[in-house]
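A.B. asks: Let me give you the structure first, and then I'll get to my questions.
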Amino acid sequence: MPRNVVVTGSGSGIGAALTALLRTRGDRVIGVDLRGGEVDADLSTPDGRAAAAAAATEAAEGVVDAVVTCAGTSVPGTAMVTVNYFGTTEFVTALRPALAAAPRPRVVVIGSISGTQPTDPDVVAACLADDENKALAHAERAVADGRARQLYPSSKAALAQWARRTAVAEGWADAGIPVNVVAPGIVLTPMSAGLFDDPEMRKVMDTAVPMPLNGYLQPEDVARAVLFLACDDNSHITGQVLYVDGGAETTLRGPEDF
Numbered sequence: 340m341p342r343n344v345v346v347t348g349s350g351s352g353i354g355a356a357l358t359a360l361l362r363t364r365g366d367r368v369i370g371v372d373l374r375g376g377e378v379d380a381d382l383s384t385p386d387g388r389a390a391a392a393a394a395a396t397e398a399a400e401g402v403v404d405a406v407v408t409c410a411g412t413s414v415p416g417t418a419m420v421t422v423n424y425f426g427t428t429e430f431v432t433a434l435r436p437a438l439a440a441a442p443r444p445r446v447v448v449i450g451s452i453s454g455t456q457p458t459d460p461d462v463v464a465a466c467l468a469d470d471e472n473k474a475l476a477h478a479e480r481a482v483a484d485g486r487a488r489q490l491y492p493s494s495k496a497a498l499a500q501w502a503r504r505t506a507v508a509e510g511w512a513d514a515g516i517p518v519n520v521v522a523p524g525i526v527l528t529p530m531s532a533g534l535f536d537d538p539e540m541r542k543v544m545d546t547a548v549p550m551p552l553n554g555y556l557q558p559e560d561v562a563r564a565v566l567f568l569a570c571d572d573n574s575h576i577t578g579q580v581l582y583v584d585g586g587a588e589t590t591l592r593g594p595e596d597f
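Below, the structure written as structure tokens:
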């Protein structure tokens with residue numbers, strides 16, 4: 340039987356690569372994107388997330404076998420909080436009943452190696468408290484202080500913590516729903532393409548994210564790791580952050596941090 344898999348950010352990058360893999364397997368993908376998906380939605384607002392979850396549930400006829408959240412932005416600004424964090428957590432939570440209706444449901448969220456880098460603790464704390472207004476206020480302060488780029492690692496660090504907390508919370512593991520994070524290193528996607536045109540920025544990236552194993556990632560490299568966690572073969576892995584990063588996390592944090 341084909342599985343109903345909801346993929347946010349399905350129109351490009353990792354989301355598009357994963358969509359292609361899933362459809363090759365015979366799965367039915369319900370793509371959620373700003374435009375051009377099976378569900379067109381704006382995940383930056385509470386109303387947009389609720390509408391997207393309702394439309395995806397309807398398209399799946401009430402049974403969602405897997406959710407993979409690839410939607411996100413790397414443009415410095417408050418959308419890093421509204422899309423990267425709340426656009427994932429609220430959307431996934433809204434789909435929990437449809438996941439619980441599936442025989443072997445799975446959730447995978449896309450994090451980032453940047454989640455290991457310095458964060459704004461106030462933004463992270465507000466995100467984890469599910470207080471979007473406070474998170475936005477702290478994010479706006481970070482932008483005003485010239486720290487907008489810190490919002491990306493903050494959103495991804497908070498997302499990893501949310502996933503680990505949610506994975507073992509009531510209604511998830513006890514309902515047979517694994518929740519995991521795939522945290523890529525530097526991926527060659529349309530979102531990051533402009534960065535590689537600047538030699539100085541490329542040096543900065545290579546210093547910040549050293550990838551000794553095979554260098555930069557293609558979207559398909561990440562999609563294959565996501566596919567395993569999102570399929571029936573994953574029976575007991577939950578609450579984990581899988582770094583698909585060519586060894587960057589181990590290089591940066593050392594072998595003793597695991």
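Counted the way the working numbering counts, the sequence shown spans residues 340 to 597. Where is the CB? At the ideal position from N, CA and C, for every residue including glycine.
Use the C-beta contact count for residue 468: other C-beta atoms within 10 angstroms, 16 or more gives buried, fewer gives exposed.
C.D. replies: Residue numbering aside, residue 468 sits at position 129 when the sequence shown is read from its first letter. The residue in question, residue 468, is exposed, as its Cβ has fewer than 16 Cβ neighbours within 10 Å.
A.B. asks: Leaving out five residues before and five after residue 456 in sequence, what residues of the same chain have Cβ atoms less than 6 Å from its Cβ?
C.D. replies: The count along the sequence shown starts at 1 and reaches residue 456 at position 117. Only 492 meet the Cβ criterion.
A.B. asks: My understanding is that residue 552 touches residue 585, with C-beta atoms under 8 Å, so please give their C-beta distance in whole angstroms.
C.D. replies: By 1-based counting over the sequence shown, the position of residue 552 is 213. By 1-based counting over the sequence shown, the position of residue 585 is 246. That pair is a contact at about 4 Å.
A.B. asks: Could you tell me which of 572, 342, 498 sits nearest to residue 406, measuring between CA atoms?
C.D. replies: Residue numbering aside, residue 406 sits at position 67 when the sequence shown is read from its first letter. Ranking the options by Cα distance to residue 406, first place goes to 342.
A.B. asks: Please report the straight-line C-alpha distance between residue 419 and residue 363, rounded to a whole angstrom.
C.D. replies: The residue labelled residue 419 in the question sits at position 80 within the sequence shown. The residue labelled residue 363 in the question sits at position 24 within the sequence shown. The alpha-carbon atoms of residue 419 and residue 363 are separated by roughly 32 Å.
A.B. asks: Helix, strand or coil: how does DSSP classify residue 443 here?
C.D. replies: Translated into positions along the sequence shown, residue 443 becomes position 104. It is coil, neither helix nor strand.
A.B. asks: Please state if the CB of residue 403 and the CB of residue 600 are separated by a distance shorter than 9 Å.
C.D. replies: The shown model of the chain, from 340 to 597, leaves out residue 600, and the question about it has no answer.
A.B. asks: Buried or exposed: residue 592, going by 16 or more other Cβ atoms within 10 Å of its Cβ?
C.D. replies: Here residue 592 is taken as the residue at index 253 of the sequence shown, counted from 1. Residue 592 is exposed by the Cβ-count criterion.
A.B. asks: Could you tell me the alpha carbon to alpha carbon distance between residue 515 and residue 439, rounded to whole angstroms?
C.D. replies: If you number the sequence shown from 1, residue 515 lands on position 176. If you number the sequence shown from 1, residue 439 lands on position 100. Their backbone Cα atoms lie some 8 Å apart in a straight line.
A.B. asks: Taking the CB atoms as reference points, tell me whether residue 569 and residue 344 lie closer together than 9 Å.
C.D. replies: Residue numbering aside, residue 569 sits at position 230 when the sequence shown is read from its first letter. Residue numbering aside, residue 344 sits at position 5 when the sequence shown is read from its first letter. Less than 9 Å divides the Cβ of residue 569 from the Cβ of residue 344.
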